[in-house]
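Residue numbers (UniProt numbering): 1 to 1261.
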């Protein structure tokens, strides 16, 4: 057996890659197999110029031919010339032992059954093993008709076979027609076989078969819609032909209905009159598609004389003549106006009612071109443009439509297009709105009806279910209405199918056997794109005509993945025109527009593209970051698509923050047309921070480098600047000191404070940096850092809310104080919309939410309540589907227990929240939280509210957190006395050190203590207590603020900012006039006034270690934050976790590597909450995403998710126990680095980040 393989390697926009190709071909190995089962591996190594085709002789990898069930595994490794960039791909190929695939496709409409008296028209699909159409293939199709009838008093069975030879068309289809059948035909068996491949060798003879059931009518009346092969264009009228059986003269009123998503959207009727002169049956007697070969009787096997006698006797037998009668065929056209409302498919139901109440019906699902009433186009003014130049774009749509524009680098689309909105996706979502079919799989039948031509059964009419004696091989009008989506309740005659006795349903019930041959491709084209880099090659200039050899900008430095992502309105004429500079990347940009109009609804443009290109450019790749002291290699590639050679000089810009350890010594090179050359330079990072690297290439002063080659007579020049982050060695540490100060409340109305900015002995030199932030408002830092409130990953449904909830809190606050700016409003609403859409991906089908969506076995009561309150409060600013509120409230309330409590349904991954739910605890804590959410979302059912309040009464709180959560719920429910009593009872347990008030929870975390204080503030303010009552609580909250304005984790940030925003709104009107003096290593005076009190005034301290003295006078309050960050060579002290991580090379050149690790929880007999392992990559390496995906697919571990975040891998564990949890994943080198520093790894409890452990790892030699 020989299989052809094509390997194609191209840049993401089509240019062939010049590279070295390594191919390994073998049979796949199963995980349970030992090395003794290994079969030979074929190895190929060659020069690649875009594509390579080769043939595999399967006997070379399966010499004994005893692994025919195994797939063929092909692994390709491509190493780009010059840069050394590697791309790997593996593909498995199934082997087919049939050279063709055939499919009668009888599951489509009309393919399920045939109607006596009317022609059956079908299509056979013929494809190659790779699913491409098989053109010009000779095929024989046979139809075997089984007949049964009564002739005089004898029961006669007969099978007749008709055959004809066909040739498949250019699309691989064969159209065939079966002539109209008599009513005594009880089944048709279709069989097709290849005439080219006879099965004489290893390959079998391709064939296919199908079984057709008959349709039944008591009167022998049938109608049949023609099959529409191709989607109907929008905006056209389509006449759909209907055939019907008739007597010599027939008259009836034909009804037709068009159904869309379970509703009748259009209906009509036609008066049909038929005369025998209108008979069109002769159209189907001589058609080329007709299976009209000579009749071959299969059973019973009779002699020629017997056949003649049988035929003669039938002619003389009245009963035989009656059953052989095939009625005339009439034809009528049904006009259908097809518009966007019917896209992308509709169901057409046609029927008429005879005088005897029999209903004659047919239905068909008809495909329509995908189109919208709101017709949207999006176009660029040209097909290509030079990077950095202005490009016009235009949208057309229905007038006054709101349009979203999205233009991204094509490489992004190729790597992952899952979030791309397309016509197919919209109509796929729309198809989900179609109602389920009411078809009953039970094969009921009428026991007093008999197969046509047989004597009717005695007795009264009965309808019997399927059993050993009663079932039916027929279909009837009842099934037609069910297939159309109707629940049938009628006094008309629709259900009429007769029973077939004798057991087993007679000659084939609906959906009977179907002999099909399936195979998967044995050869196919598979492609892998080289990751796009700024300035990577696009293709020869000839593809788009002459192109510039000089950059339009002095230095190319703008290389976004997304160029345009914005909302625009079309005008009254339905157009919008804009102009933007195309980014500096040499690439193709894919763009589209989606528009919404109040009258015409949604519309989506086709994808359009524009190429950013110039005939001469450079490209180089930098690592995401490097560690100070590391030496890394930068490969500069220079591309020439001019029509002659270019002598080029390449130079490195003035180095700032790094040293050049290996310069471009031979910096003058000659580049021939449509080729590239690469140069290497070695750099060493010397300064911590962001540094810029600029490389310039231009025409050399002399053409000597090109020798005798024709030289381009113009000037060529290009320059690129890219930034690189240089990090300090070791482990990052951060100390933050925050305080809310009010000078007028201090002794002598003077606030003073000293800060010692000391460093430990093992601090990394020059790694320290310190900041002093001063603001006149506790919400100041949060307002300026809405996108980065916490420094933790946000990869699950609850953590995502930290990027959602604070935005509407800030909008509420700034709106109430009249300080909301257009810029802040725009950013906050954008964050809300993004967070809303992302959170919906964590919703279950039943309306609940959970940490990881449908991958969790059930929804979470806690997270569903959290989302409910947040979405409800955000709907003031963004559109939130009301169905979400209804579904979440319904999901919550239907789970309320008899005692009024809400159960702990689903996993609560915050161990602090779960504190009140462990072991013998009641459900009071979760009930108080859920009750608060219901009240915030304006839930009105007082019975549910009352029962929940009763639960709280029966399950009193036992911790400060529970106490304030209970009190907050009671305050929201207007139970003010009960809430105030809880506040009074807990007050003696407060810690009031240093003018602050806070409460410690037993075995609690910092996050839980922050939430406790936040609920205390919210409850007091809800009860109307004065701000002086909560000021000491606010002071405590302010000491826990991080430099970005958040707290430690998700819940404490959301609840804490809710409390601070409500307090800040109360005190905002208080005048502020404070002077802050800073002395020591920083001598600065900062003024806080009414004009700037929302701003955060930042001062950087350069002398560390040092001591600061801070003094403040004036009226009002301010927020002071001092943050110190530094690195240490030794990891922080282990606390509750153990972590071990190691690295190893898996290839001889160490380009391929693997990281393995193990983590465990230290306290004996206990488990952590959800924990995250963060592994920072060694410089120049990246994690292989496919291997990370395997971590989550392995049911044996407790890994929920694994993400890549720049140069760091985040692995989420549901929990960590005393037993070691092991993991490993693959890594590959993308940039060569000498003397690389060790990578770091850290594990921490997400909701108690103070519980963590860190370590280092390396790959040895």
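We put the beta carbon where it would ideally sit given N, CA and C, even for glycine.
Reduced DSSP category for residue i - H, G, I as helix; E, B as strand; rest coil
i, result
"residue 1054", "helix"
"residue 611", "strand"
"residue 947", "helix"
"residue 987", "helix"
"residue 992", "coil"
"residue 148", "strand"
"residue 381", "coil"
"residue 340", "helix"
"residue 64", "coil"
"residue 895", "coil"
"residue 513", "Any reading at residue 513 must be qualified, since the residue scores a pLDDT of 28, below 50, and its modelled position is unreliable; no value is offered."
"residue 53", "strand"
"residue 712", "coil"
"residue 903", "coil"
Length of the line joining the Cα atoms of residue i and residue j
i, j, result
"residue 588", "residue 1200", "36 Å"
"residue 973", "residue 426", "43 Å"
"residue 802", "residue 960", "24 Å"
"residue 705", "residue 648", "8 Å"
"residue 156", "residue 145", "14 Å"
"residue 249", "residue 277", "9 Å"
"residue 414", "residue 797", "27 Å"
"residue 896", "residue 951", "10 Å"
"residue 980", "residue 837", "39 Å"
"residue 1191", "residue 1210", "12 Å"
"residue 1254", "residue 1130", "9 Å"
"residue 495", "residue 360", "11 Å"
"residue 597", "residue 879", "15 Å"
"residue 126", "residue 191", "13 Å"
"residue 225", "residue 357", "21 Å"
"residue 610", "residue 382", "7 Å"
"residue 1331", "residue 564", "Lying before the first or after the last residue shown, residue 1331 is absent from the chain, which here runs from 1 to 1261."
"residue 561", "residue 412", "7 Å"
"residue 1133", "residue 1250", "11 Å"
Environment of residue i [buried if 16+ CB atoms lie within 10 Å]
i, result
"residue 1110", "buried"
"residue 181", "buried"
"residue 1071", "exposed"
"residue 842", "buried"
"residue 280", "exposed"
"residue 722", "buried"
"residue 734", "exposed"
"residue 946", "exposed"
Beta-ladder partner(s) of residue i, from DSSP
i, result
"residue 1098", "773"
"residue 393", "380 and 578"
"residue 189", "144 and 211"
"residue 755", "1108"
"residue 1244", "1172 and 1252"
"residue 166", "139"
"residue 646", "671"
"residue 173", "125"
"residue 569", "402"
Chain C contact for residue i (CB, 8 Å cutoff)
i, result
"residue 144", "Annotation note: the requested chain C is absent from the structure, which comprises a single protein chain."
Every unbroken beta strand (DSSP E) inside the segment 1170-1240 [3 residues or more]: 1171-1176, 1181-1183, 1199-1205, 1208-1213 and 1221-1229
Can you check the segment 66-153 for any beta strand (DSSP E) of at least 3 residues that lies completely inside it and give the ranges in chain order? 72-80, 86-93, 101-103, 120-127 and 138-151
Runs of 4 residues minimum, wholly inside the segment 209-290: which ones carry the alpha helix (DSSP H) assignment? For the segment 209-290, not a single whole alpha helix (DSSP H) run of length 4 or above is found.
Of all the beta strand (DSSP E) runs that stay within the bounds of the segment 675-702, which reach a length of 3 or more residues? 675-685 and 689-699
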